[in-house]
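Reviewing the structure listed below.
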Amino acid sequence: MEPFAPLRISGCVADSIVDGPGLRFTVFVQGCPHHCPGCHNPQTHDFQGGHFVDPQAVIDAVLQDPLASGVTFSGGEPFCQAKPLRQIGQAIAAQGKDIVIYTGYTLEQLLEEGKKDPEILALLSLADLLVDGPYLQEQRDLTLQFRGSANQRLLSRKQIQEAIKAYRKTNLK
Ligand code: SF4
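Taking this note's numbering, the leading residue of the sequence shown gets 1351, the next gets one more, and so forth.
What follows is the structure in structure tokens.
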């Protein structure tokens, strides 16, 4: 079995109803390069902060929670730790639970970043729902479901897979 890559987190929350559909186990990763003004989780920005966690313990916590629909990767910036989250996500998806990912990057930026790091595309391809884009204070809207500002999109698995397919087709020419 592939050894787990190290994962640095800020913390975890069980039974969340605000981080995607159903009851969710949310992992707040540590480290974020975006520094959105007005961010609600500034304690997650420092890449040297938080603490390391055993990825297998995260998998076990999600799978042993019978009420959890799945796992949400939030932050911090999940795509800065794409490998361990891909490993965790694969193990959880294999047991039929779903994956929600929050990111300060847009989907289009992630596709570009994926050229440098294939783990980014591998993690992206696991998402059942992606909430993309930075938090923009001037577009803050408390009525939006699962997100804080109107620029952020809720992208379905189908939309993500189509974008990956189109990107690969164009970039393989
Ligand atoms: S991407 Fe998220 S965690 Fe990072 S600064 Fe923006 S709102 Fe905060």
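Yeah, the Cβ is synthetic: ideal placement off N, Cα and C, and Gly gets one too.
The structure displayed is predicted, hence computed values, not measured ones.
{"query": "Kindly indicate which residue of Glu1427, Leu1486, Ile1442 and Leu1479 has the alpha-carbon position closest to the one of Gln1511.", "result": "Leu1479"}
{"query": "Check whether the Cβ of Pro1405 lies closer than 8 angstroms to any Cβ atom in chain B.", "result": "Absent from the structure is chain B; it holds one protein chain and no more."}
{"query": "Gly1426: beta carbon under 7 angstroms from a heavy atom of the ligand SF4?", "result": "yes"}
{"query": "With three or more beta-carbon pairs closer than 8 angstroms as the criterion, would you say the segment 1436–1446 touches the segment 1359–1368?", "result": "no"}
{"query": "With 16 as the cutoff for other CB atoms within 10 Å, does Asp1448 come out buried or exposed?", "result": "buried"}
{"query": "Under a Cβ-count criterion, where at least 16 other Cβ atoms within 10 Å of its own Cβ denotes burial, should Val1450 be classed as buried or exposed?", "result": "buried"}
{"query": "Suppose you measure from the CA of Val1377 to the CA of Ile1359; what does that come to, to the nearest Å?", "result": "7 angstroms"}
{"query": "Are Gly1454 and Glu1427 close, meaning C-beta to C-beta below 8 angstroms?", "result": "yes"}
{"query": "Residues in the same chain with beta-carbon distance under 6 angstroms from Gly1400, minus the five sequence neighbours each way, listed in chain order, please.", "result": "Arg1358, Ile1359, Ser1360 and Gln1380"}
{"query": "When the Cα atoms are used, what is the spatial distance from Pro1387 to Val1368?", "result": "21 angstroms"}
{"query": "Could you check if Thr1394 belongs to the surroundings of the ligand SF4, using beta carbon to heavy atom distance under 7 angstroms?", "result": "yes"}
{"query": "Mapping DSSP to helix, strand and coil, what is Thr1456?", "result": "coil"}
{"query": "Among the residues of its own chain, which have a CB less than 6 angstroms from the CB of Val1412, if the five just before and after it don't count?", "result": "Phe1375, Ala1418, Val1421 and Ile1442"}
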